[in-house]
Each structure stands twice: as structure tokens, then as C-alpha cells.
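Student: Got a structure for you, written out below as C-alpha cells; questions coming shortly.
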């Protein structure tokens with residue numbers, strides 16, 4: 001494919017504003033009359049609210065409003081309204097440490113802080129449940145009164161005949177795997193400004209990955225018309241899934257603004273971010289894998305319990321997505337999946353890069369190695385015998401079109417030195433690898449999947465691209481601009497991308513599920529095609545040529561065969577100023593639903609485009625301290641067509657670092673009363689520059705997808721297989737198998753002790 | 001209690017009346033209005049608020065504004081000259097070391113200070129020098145490349 005702009009590792013279009021400090025994030029905005037809002041949060045993980053006295057806070061100079069549950073709409077909220085279980089401010093009960101109890105608006109920070117201290121809340125403590133097993137016990141304290149149990153949702157999926165298959169298998173392995181709560185740790189905390197104006201229009205400035213659906217959510221919880229809510233994004237300091245579903249600070253700031261008639265800002269402290277900005281869903285996974293003696297995996301059986309935290313959010317969607325990836329990887333013919341969500345008195349879970357797939361892949365890809373061990377087979381060879389293939393429909397219904405799984409796996413294995421190192425490396429060193437499948441184009445989970453984009457050319461030929469692809473740092477704006485520039489034949493620097501305002505951008509489901517490149521990219525491509533057609537017609541008229549002979553490249557226009565090149569601006573100036581015919585384009589991409597699609601039955605048919613990948617790692621383990629040093633990570637992931645090499649590598653490298661955090665370092669730790677004790681970067685360690693090993697990212701191009709120029713999304717896949725690859729490498733190094741992430745030093749030392757004891 | 005504060009930021013003199021408990025970060029962002037310096041944690045643990053105080057990197061959230069009385073502060077807005085990026089900034093742009101960009105100003109200033117002291121750092125020295133600046137997006141691979149590239153640019157006689 002000959003391209004000028006796509007497939008080049010060009011610098012991001014927002015790099016200069018970001019490197020010079022010019023880029024404005026939501027926390028940087030200034031506004032006349034702006035008040036400081038703060039939230040009084042529960043210090044208890046579970047308690048009854050007996051009384052709240054706000055009189056002293058209200059009397060404090062500089063305090064303009066103090067609100068409790070009595071001052072806000074009574075509506076209950078959850079991402080899925082059928083699961084609604086959370087009030088804007090707690091009415092009579094708090095359910096986790098950090099739950100919103102009251103809020104203030106004041107002239108400045110210090111006054112707002114002082115006002116919070118003056119609010120008197122009397123609590124009556126209730127039993128605290130932090131553990132899913134305890135929560136599921138018959139007769140356990142109910143976290144939501146009126147419900148039958150703390151088990152709040154479940155799903156079952158069955159393909160083939162797992163029991164029959166298990167009886168036919170020569171080898172079956174079984175194990176339990178555990179993951180914990182993780183924090184997204186965006187460097188810019190969750191924050192917003194709300195302004196409820198005199199025309200009853202509510203404008204919210206915030207950092208949102210899905211502003212259109214958040215707009216609907218704010219309207220829903222406040223009980224106001226959707227048309228009255230507008231959300232404006234600024235440059236975003238990270239997302240990783242944490243900014244998909246509305247945070248309660250949005251309606252809280254909105255009510256404070258309505259009461260005071262002034263804009264109100266609420267910004268999380270870093271401690272609030274760790275304790276209340278939601279987490280990755282922790283899973284406990286009971287998994288069985290069975291294979292024939294020649295290495296064909298016949299069956300997988302998984303029971304998965306997700307720790308929901310205190311309220312509903314993206315739990316069902318996360319578990320459903322887990323089941324789809326579980327069903328698709330290796331096209332196993334017999335699949336049983338049971339997923340369940342359980343309430344606990346902890347911060348609620350939400351979307352987090354990988355969306356349930358890293359947790360499940362930790363279990364499945366660890367167990368593949370355990371199965372290979374039992375069979376006496378090289379784990380790479382076992383995987384080779386089960387790879388997914390292009391153009392196959394998996395037993396679970398997944399329609400795999402493009403698929404470069406074999407290429408990714410062989411490349412990663414070669415680059416890590418599998419043949420030379422596995423089972424025979426230096427003492428205490430080991431290599432391991434893991435595969436993964438993920439969506440490369442979002443999903444049809446809403447019952448539809450579509451995107452729209454608008455392009456207009458100025459009278460000098462510069463381009464305004466209006467797209468709903470949010471850039472939370474992953475580079476969506478640059479990718480969209482590259483796609484538009486390539487198709488239109490203009491220079492990248494001539495494109496200005498606008499995506500920040502729900503009044504401006506077309507309705508869209510948001511940037512999640514590695515969706516933007518595939519979905520919004522296709523819409524941008526269609527808009528550029530539309531605009532290009534008008535441009536070519538205008539040029540043909542001006543140059544008195546056949547439209548079929550007009551060429552446009554790098555903002556130059558010429559007639560095929562002629563050496564006389566015209567600036568694009570001449571053509572646009574001509575058509576605008578001589579004929580009054582400005583050039584614009586609109587594009588829509590609809591990912592049509594497969595025949596017979598229904599939301600409850602669609603399962604893996606929800607995925608329009610699958611993306612495969614492999615990571616291989618080399619580790620060294622110190623048996624004295626239990627320290628695992630990851631020496632190298634090689635990631636080979638499928639991109640379809642790589643829109644921007646540098647940015648795609650950046651997505652994989654950043655994901656691998658988060659994968660290393662997931663594997664070895666990160667976990668929110670609670671004390672017995674449910675308080676998160678590591679609510680700061682000093683105690684909740686994310687990888688710093690010295691913690692990351694040598695990492696090599698390979699973007700493996702493949703054919704067969706419907707993405708723009710054949711591209712797939714690459715935002716999430718890079719952290720999915722990291723943890724099991726590390727677990728497998730640890731096993732190769734020291735012969736112990738860890739079933740819980742993060743794989744801490746304590747776990748390693750304990751496992752080594754047990755191994756020594758069993759050997760003597 | 002407010003007290004007079006005389007401070008030089010990016011070469012400009014400011015005479016302000018500032019409460020004694022305000023941090024340098026608050027004064028730079030809220031009083032002077034330079035928002036390129038970011039608040040990531042407010043606890044000196046992420047490095048996003050790094051500025052150069054008399055050429056040395058500090059977490060401006062941990063420095064009281066009045067401690068900077070009479071001193072020179074360089075923020076990201078003061079790096080480079082006019083429309084020209086400083087070589088460290090250019091290297092960050094060209095190597096793709098920026099994603100969300102929130103850690104970038106602090107990262108760039110820390111890197112500049114490192115290169116001022118040690119124009120040709122080894123990889124190990126780069127890792128040591130930037131350990132206090134957290135980034136959640138990039139995995140740091142391209143940040144290391146950027147510092148190496150900046151070192152080459154500066155060694156090649158690029159003017160600051």
C-alpha cells in the first residue's frame with residue numbers, strides 16, 4: 001500500500017503544546033466566579049447515618065452552599081439503570097470508605113476544607129464485608145438492604161458439551177487464580193467544573209472518555225432533559241477506562257452550581273483518586289483445561305467471581321467481555337463459563353484497560369503452561385497446536401477475520417531466545433510467553449456500533465476535522481488527522497482536530513475497547529472521501545480537466561501528466577470566492593450487526609474485529625529476597641495496518657509497563673475496617689523509569705479487517721498477556737507456580753519454602 | 001497571614017502578597033497563572049510539578065513559596081526561546097516520548113537539569129536521574145530515547 005502519511009511514525013499533532021506547557025487540561029481552566037467544591041466522604045466502610053448537622057458549616061464565612069441527600073434528586077444511579085443502586089449523596093447508609101455523604105461550595109480551598117470539618121455526622125457502624133467468600137455466605141450481612149443476597153448478578157455460557165469433553169481428555173488441569181483491586185493512576189486526577197446557567201443549561205467541563213454517554217448519565221441521575229446537558233473536554237491527562245462512566249462529583253458540582261448560581265469546581269486529591277476513582281475488578285477464577293494427548297485443547301471450564309465493590313458500574317459488561325475473550329482464544333470447541341458479581345464494602349470497580357481480559361488471561365495462559373508441564377510438552381508447541389486462524393468462526397461464534405497469532409507467537413519466541421533459553425537458561429533465570437486475543441474495534445454491546453465525522457476546508461485549504469474520538473493521551477487525534485490527511489491529500493499540519501464539545505461532535509459511544517482507530521477512523525475516512533470528491537470536482541472545473549485525472553497529494557493539486565502543480569489553497573480560494581461553494585464532507589461508519597444478532601445471545605459476535613498478540617519475557621529471581629527482575633519483554637501484537645508506528649509502539653510499551661505493575665507491584669490494600677492503606681504513590685507503587693526492563697514492541701501487520709486502511713485498535717492488548725508471561729517465566733526460572741497477582745516477594749519466598757519442603 | 005514575596009519566574013520579576021503557607025506550585029499556577037506546571041499528587045511523589053529552582057529540580061508542591069524568595073524559578077513556559085523549542089523539548093516531540101503529556105513538563109525539566117550537570121549520561125544515569133518522575137502512559141522507553149537524543153542535540157552544539 002503506497003501511503004504518504006499513514007504508516008509513518010510522525011510526531012503527534014499535540015506534542016508541541018504538551019511539551020511547552022501550553023496544553024490546557026480541565027484542572028488548568030479559569031473562570032469568573034469560580035467556587036471550590038469539596039465532598040465529605042464516609043470514614044466508615046459500612047455504617048448507618050444517624051444524623052447530619054451542617055449548621056456550623058453553613059454559618060462559616062465564605063461558604064455558599066452545603067448539601068446532603070436532602071438537597072439532591074433522589075434518583076438512584078448505575079451505568080446500567082436496571083442495576084441502579086447509588087444515590088448522589090448517601091441517604092441513610094454508607095457502603096465504602098469514601099462514599100459521598102455531603103458537599104460544600106466555598107470561596108476558596110481553605111474555607112471549603114474548614115467547612116467539611118464542621119459538618120457533624122453521627123454513624124452507627126455495621127459489619128464490614130471485604131471478602132467475596134464472606135459476602136456470599138448464607139445469612140451474611142446485606143450490603144444493599146432489600147436485596148436477596150450480596151451476589152448481585154450472574155451469567156452462564158455454554159458451547160459444546162464440556163462434561164463429555166472432560167471425560168474424553170487425556171489430560172486435565174485445574175486451578176484457582178486470584179487478582180486484586182488496582183488503581184488507574186491517571187496523572188491528572190478526576191475533576192470537573194459545573195455551571196448551571198440561568199437558561200437552565202448545565203455545562204460541565206471534565207476529563208471524559210465518553211462525554212456523550214456521560215451527558216446522558218448526568219441528565220438521568222439529575223432527572224433533567226438530556227438536551228440541557230453539555231460536556232466539554234480539555235486535553236486529558238490519562239484515561240485507561242477510569243473516565244468512561246460518570247463520577248458522582250459531576251452531579252454534586254452541578255447541584256452546588258444551581259444553588260449558588262456560580263460555576264463550581266471539584267478536584268480529587270490524590271488520596272481521593274486512589275480510594276474513590278474506582279478500580280480494576282478483582283477476579284477469583286476457578287479454571288479447568290482439558291486436552292488430548294496430542295495437544296488439542298478440547299475443553300475449558302471457568303467459574304469467575306468478580307468483586308463488585310459497593311455499587312454497580314461496568315461489572316456485567318466486564319465479565320461478559322471476559323467470557324467472550326475466554327471463548328475465542330484458541331477456538332476451544334467446548335466451553336463452560338459461569339460469571340458472578342458480588343457486593344463488598346470496597347470502592348466500586350469500573351472499566352480498566354483490558355476490560356476483564358488481563359485477569360482471565362492470567363488464569364488461562366498460566367494454565368496452558370501447567371497443562372504443557374503435565375503433558376511433558378513444550379508450552380510453545382502446545383500453543384502452536386491450538387492457534388487461532390484467519391477467517392475462522394470459533395465454536396463460541398466469534399468471527400475471526402484477520403489473524404496473525406502464529407506470526408506474533410513465533411516472532412516473540414524467536415526474539416526472546418526461546419529455543420536457547422527455555423528450560424536451559426542460567427540458574428534462576430527463565431523465559432515465559434503468553435498469547436492473547438482482544439477486540440481491535442470496540443463492540444456492539446449497545447445493540448449498535450457506529451461513528452460519524454465531519455470535515456470542512458477553510459478558504460485557504462486548511463482542514464477542520466470534527467470527530468468524536470477522544471484523545472486521553474493515546475494519540476487518537478493524531479491517528480484521525482493522519483487518516484484524513486492521507487485520504488484528502490493534505491499536509492498533516494494543515495489539520496485541526498476538534499472533539500471536545502458534545503454540542504459540536506456527533507453522538508458517539510466514546511473512546512474505549514480499542515475502538516477509536518477502527519470506528520471513528522472509518523468515519524473520518526468516509527468524511528475525507530466525501531470532501532475529497534468535492535475538492536476534485538472543484539479542481540477539475542478550475543483546471544478544465546476530467547475529475548478522474550485530478551491528483552491531490554501533500555496539499556498540491558495537478559492534472560495527471562501535467563507538471564504544473566497548484567497549491568490546494570488556490571483551488572479552495574477559487575471555489576469559495578468565485579463560486580461561493582465551500583468544501584466539506586460528512587462520513588458515517590456503521591458496523592452492521594450480524595444476521596440474527598440480539599444483545600442477550602450475541603456473545604462473541606459482539607466483536608467486529610479481533611486482534612491477537614504474544615508477549616515473551618525473561619526474568620531473573622533472587623531466591624533469598626523473592627525479588628523478580630524482569631530483564632526483557634518482547635511484545636508482538638497485531639495492528640492490521642499500523643497508522644503511526646511510533647504511537648503504536650508507545651501504546652504497547654505503556655501497556656507492558658502497566659502489565660508489569662499488574663503482575664508484580666500493584667494492589668490496593670485494605671485494613672480490617674476497609675480503609676485503603678496505600679492511598680499514595682509512595683505506598684501504591686506504579687513502575688518508575690528504573691522499574692521497567694528493556695522492552696521491545698513489534699507491530700505485526702496483517703490483512704483481513706475492515707478498519708481504515710486495514711487498521712485495528714491497539715490501545716489495550718499490550719497489557720493483557722504480560723502477567724501470565726511473567727508467571728510462566730518465573731516457573732521456568734525457579735520451578736514455582738504462582739496463582740495470584742501481584743506476584744509479591746512474600747509469595748515467591750513462601751512458594752520456594754513449600755517446594756523445598758515437598759522435595760525433602 | 002500574607003507576606004510580600006519577590007520571586008523571579010522565567011526571568012520575570014513578580015512582587016506578590018502571598019500567604020505564608022502557600023506552596024511554590026500554588027503560587028506559580030494560581031497567582032502567576034502559569035499552568036504548564038502540573039499538580040499530580042501534592043505530596044512530592046510523582047514529579048509532575050517539577051520546576052528548576054536556581055537550576056536544580058524541585059517538587060514545587062513541597063517548596064513553600066516564601067522559600068523561593070529572591071530565587072530564580074524556571075518553569076516549562078520559560079524553556080526554549082520564543083517559538084524555538086529547547087533541544088530537550090524537541091527530542092521529546094521527535095521520539096514520541098509524550099502521550100497524555102501531564103508528566104511531560106516535569107519530566108522535561110528534570111531531564112534538562114540532568115543534562116546540564118552531565119551532558120552525556122549513561123543509560124543507568126538517565127534512569128537514576130528520572131526516577132522521581134512518574135509516567136503512567138509511555139512505559140518510559142521513548143523517554144529514555146528522548147534524553148539520549150537531547151544529549152546528542154546538545155553535544156552537537158544546539159543552542160539553548
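Protein chains in written order, with this note's numbering: chain A, 1 to 760; chain B, 1 to 160.
C-beta: ideal position from N, C-alpha, C; glycine also.
The structure presented is a predicted model; accordingly, all values stated were derived computationally and were not measured.
1) In chain B, which residues lie less than 8 Å from residue 682 of chain A when you measure between Cβ atoms?
2) By the three-class DSSP mapping on this structure, what secondary structure does residue 640 of chain A have?
3) Could you spell out the range, first to last residue, of the alpha helix (DSSP H) harbouring residue 731 of chain A?
4) Under the rule that 16 or more other beta-carbon atoms within 10 Å means buried, what is residue 282 of chain A, buried or exposed?
5) How about residue 369 of chain A and residue 79 of chain A: do their beta carbons lie closer than 9 Å?
6) Check each candidate in A:74, A:302 and A:238 and name the one with the smallest Cα separation from residue 251 of chain A.
7) Near residue 559 of chain A, what residues of its chain come up, given a Cβ to Cβ distance below 6 Å and the 5 sequence neighbours on each side ignored?
8) Taking 8 Å as the cut-off, does the segment 471–491 of chain A touch the segment 95–113 of chain B (at least 3 CB pairs, one atom from each stretch)?
9) First and last residue of the alpha helix (DSSP H) that includes residue 124 of chain B?
10) Does the beta carbon of residue 77 of chain A come closer than 9 Å to any beta carbon on chain B?
11) By the criterion of Cβ-Cβ separation under 9 Å, what are the contact partners of residue 53 of chain B in chain A?
12) Whole beta strand (DSSP E) runs in the segment 98–160 of chain A with 3 or more residues, listed along the chain?
13) For residue 514 of chain A, list the residues DSSP reports as bridge partners.
14) Closer than 8 Å between beta carbons: that is the criterion. Which residues of the segment 250–278 of chain A meet it against chain B?
15) Residues of the segment 90–123 of chain B in Cβ contact with chain A at a cutoff of 7 Å, in chain order, please.
16) For a contact meaning CB atoms closer than 9 Å, what does residue 77 of chain B contact in chain A?
17) Counting contacts by CB-CB distance shorter than 9 Å, is residue 716 of chain A in contact with chain B?
18) Excluding the 5 residues flanking residue 437 of chain A on each side, which residues of the same chain have their C-beta closer than 6 Å to its C-beta?
19) Determine whether the beta carbon atoms of residue 179 of chain A and residue 679 of chain A lie at a separation below 9 Å.
20) Is any beta-carbon of chain A found at less than 9 Å from that of residue 65 of chain B?
21) Could you round the C-beta distance between residue 206 of chain A and residue 350 of chain A to whole angstroms and report it? I think they count as a contact, below 8 Å.
22) What are the uninterrupted segments assigned as alpha helix (DSSP H) that are 4 or more residues long and contained completely in the segment 272–335 of chain A, given in chain order?
23) Who are the Cβ neighbours of residue 675 of chain A in its own chain at under 6 Å, not counting the five residues just before and after it?
24) In angstroms, rounded to a whole number, what distance separates the CA positions of residue 694 of chain A and residue 88 of chain B?
25) Where do the ends of the alpha helix (DSSP H) carrying residue 362 of chain A lie?
26) Using C-beta distances below 8 Å, list every residue in its chain close to residue 110 of chain B, excluding the 5 sequence neighbours before and after it, in chain order.
27) Got a sec: is the Cβ-Cβ distance from residue 482 of chain A to anything in chain B below 9 Å?
28) Output yes if chain A places a C-beta closer than 9 Å to the C-beta of residue 48 of chain B; else output no.
29) Which chain A residues are close to residue 134 of chain B, counting only those with a beta carbon under 9 Å from its beta carbon?
30) Any beta carbon of chain A sitting closer than 9 Å to that of residue 73 of chain B?
31) May I have a chain-ordered list of the alpha helix (DSSP H) segments no shorter than 4 residues that lie completely inside the segment 186–253 of chain A?
32) Which chain B residues sit within Cβ distance under 8 Å of residue 692 of chain A?
33) Which whole-angstrom value is the C-beta distance of residue 189 of chain A and residue 106 of chain A, which I expect to be below 8 Å?
34) Give the residues of chain A in contact with residue 2 of chain B, contact being defined as C-beta atoms less than 9 Å apart.
35) For the structure I just gave you, are there three or more beta carbon pairs, one from the segment 61–73 of chain A and one from the segment 258–269 of chain A, closer than 8 Å?
36) Let me confirm a value: residue 376 of chain A is counted as buried when at least 16 other C-beta atoms fall within 10 Å, else exposed. Which label applies?
Tutor: In short, the structure shows the following:
1) Locating residue 682 of chain A in the first chain gives position 682, where the first residue counts as 1. What residue 682 of chain A touches in chain B: 43 and 45.
2) Within the first chain, the letter at position 640 stands for residue 640 of chain A. Here residue 640 of chain A sits in strand by DSSP.
3) Numbered from its first residue, the first chain carries residue 731 of chain A at position 731. Counting along the chain, the alpha helix (DSSP H) containing residue 731 of chain A begins and ends at 722–734.
4) For the purposes of this step, residue 282 of chain A is taken as residue 282 along the first chain, with counting starting at 1. Buried, by the Cβ-count rule.
5) For this step, residue 369 of chain A is matched to residue 369 along the first chain. For this step, residue 79 of chain A is matched to residue 79 along the first chain. For residue 369 of chain A and residue 79 of chain A, no; Cβs fall outside 9 Å.
6) Residue numbering aside, residue 251 of chain A sits at position 251 when the first chain is read from its first letter. It is A:74.
7) Residue 559 of chain A sits at position 559 when you count from the first residue of the first chain. Excluding residues within five positions, the ones whose Cβ falls inside 6 Å are 543, 545 and 549.
8) yes
9) Counted from its first residue, the second chain places residue 124 of chain B at position 124. Residue 124 of chain B -> alpha helix (DSSP H) spans 123–129.
10) On the first chain, position 77 is the one that residue 77 of chain A refers to. Output row for residue 77 of chain A: interface = no.
11) Start at 1 with the first residue of the second chain, and residue 53 of chain B comes out as number 53. Correct list: empty, because the minimum Cβ distance to chain A is about 17 Å.
12) 100–106, 120–125 and 151–159
13) Locating residue 514 of chain A in the first chain gives position 514, counting from the first residue. Answer is none; residue 514 of chain A lacks a bridge partner.
14) 269 and 270
15) 92, 93, 94, 96, 98, 99, 100, 101, 102, 103, 104, 105 and 108
16) What you label residue 77 of chain B is simply residue 77 of the second chain in a count that begins at 1. 20, 21 and 22, listed in chain order.
17) Looking up residue 716 of chain A in the first chain gives position 716. Taking Cβ atoms only, chain B never reaches closer than 9 Å to residue 716 of chain A, which makes this a no.
18) Walking along the first chain from the start, residue 437 of chain A turns up at place 437. Result list for residue 437 of chain A: 325, 328, 329, 610 and 612, in chain order.
19) Counting from one through the first chain, the residue named residue 179 of chain A turns up at place 179. Counting from one through the first chain, the residue named residue 679 of chain A turns up at place 679. No.
20) Indexing the second chain from 1 puts residue 65 of chain B at position 65. Not one chain A Cβ lies under 9 Å of residue 65 of chain B.
21) Counting from 1 along the first chain, the entry for residue 206 of chain A is found at position 206. Counting from 1 along the first chain, the entry for residue 350 of chain A is found at position 350. With 8 Å as the limit, residue 206 of chain A and residue 350 of chain A do not qualify as a contact, their Cβ atoms being about 15 Å apart.
22) 315–328
23) Taking the first chain and counting its residues from 1, one reaches residue 675 of chain A at position 675. The answer, listed in chain order, is 97.
24) The residue labelled residue 694 of chain A in the question sits at position 694 within the first chain. The residue labelled residue 88 of chain B in the question sits at position 88 within the second chain. So the two alpha carbons sit approximately 22 Å from each other.
25) Mapped onto the first chain, residue 362 of chain A falls at position 362. 357–375 is the extent of the alpha helix (DSSP H) around residue 362 of chain A.
26) On the second chain, residue 110 of chain B is found 110 positions in, with the first residue counted as 1. Excluding residues within five positions, the ones whose Cβ falls inside 8 Å are 47, 50, 57, 129, 130, 132 and 133.
27) The count along the first chain starts at 1 and reaches residue 482 of chain A at position 482. Chain B contact via Cβ: absent.
28) Walking along the second chain from the start, residue 48 of chain B turns up at place 48. True, the Cβ-Cβ gap to chain A drops below 9 Å.
29) By one-based count along the second chain, residue 134 of chain B stands at place 134. Near residue 134 of chain B (Cβ distances below 9 Å), the residues of chain A are 185, 187, 681, 686, 687, 688 and 689.
30) Here residue 73 of chain B corresponds to residue number 73 of the second chain, with the count starting at 1. With 9 Å as the cut-off, residue 73 of chain B does not count as an interface residue toward chain A.
31) 211–222
32) Position 692 of the first chain, counted from the first residue, corresponds to residue 692 of chain A. Within 8 Å Cβ-Cβ: 139, 140 and 141.
33) Working through the first chain from its first residue, we reach residue 189 of chain A at position 189. Working through the first chain from its first residue, we reach residue 106 of chain A at position 106. The Cβ separation is near 19 Å, so there is no contact.
34) Here residue 2 of chain B refers to the residue found at position 2 when the second chain is read from its first residue. Here the premise fails: no neighbours, minimum Cβ distance about 13 Å.
35) yes
36) Against the first chain, residue 376 of chain A aligns to sequence position 376. Flag for residue 376 of chain A reads exposed.
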